[in-house]
Amino acid sequence: EKAVIDFAKCLELDFAFNKANLGLGNVYFAKQDYPKAISYYKKVLESDPKNEKTPTNMGMAYLKMGEHELALQAFDLAIKNGVKGPQVFFNKGVCYLKTGDKRSAIGCFTSSYAEDSKYIKSILERAKCYASLEKYNEALQDLNLYIRSNPNDPEAYY
534 EKAVIDFAKC LELDFAFNKA NLGLGNVYFA KQDYPKAISY YKKVLESDPK
584 NEKTPTNMGM AYLKMGEHEL ALQAFDLAIK NGVKGPQVFF NKGVCYLKTG
634 DKRSAIGCFT SSYAEDSKYI KSILERAKCY ASLEKYNEAL QDLNLYIRSN
684 PNDPEAYY
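Printed below as a string of structure tokens:
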């Protein structure tokens, strides 16, 4: 609550103060008030449409709300704005899984792993997609790769 008050004071001084809007969005996200978080993330993007981090945060809020199409749009904006790293592609893959588009999910998990080969959970999720599409050879390749990195993870033996 103190953080909300402090950020609100910053906004009284300068309504377009992006750090305060972003901070408020993050506080409301942490409180699981995703609609309110999104409203603050949108304010950041209104004044800084090329912001890199905010679309990712907004995408996660939409994902938590089950708004997968809006989450995909937010993750696409994050990528367009230059976000690097495996997480944005992984989260986009999760959205595609939630919409039932396993082929697009595979592409996202592949991109996630290409961004950082240590982000190995992308391979496990891709293996699950392959298996559900009856692409068993690809699934086995991915599972073997995952198991080499995580031999004690029971999820790899599903």
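With my numbering, letter number 10 in the sequence shown gets 543, and the count goes up by one each step, no holes.
All C-beta atoms, glycine included, are put in the ideal place defined by N, C-alpha and C.
Check, Outcome
"Can you tell me the Cα-Cα spacing of T589 and K613, whole angstroms?", "11 Å"
"Where do the ends of the alpha helix (DSSP H) carrying A594 lie?", "586 to 598"
"Within the continuous alpha helix (DSSP H) that includes Y669, where are the two ends?", "669 to 682"
"Could you give the distance in angstroms between the alpha-carbon of G599 and the alpha-carbon of V577?", "22 Å"
"Cα separation between L557 and Y573?", "7 Å"
"Quick one, are the C-beta atoms of S650 and F623 less than 8 Å apart?", "no"
"Relative to the alpha-carbon of A553, which residue among T587, D566, Y567, Q565 has its alpha-carbon at the smallest distance?", "T587"
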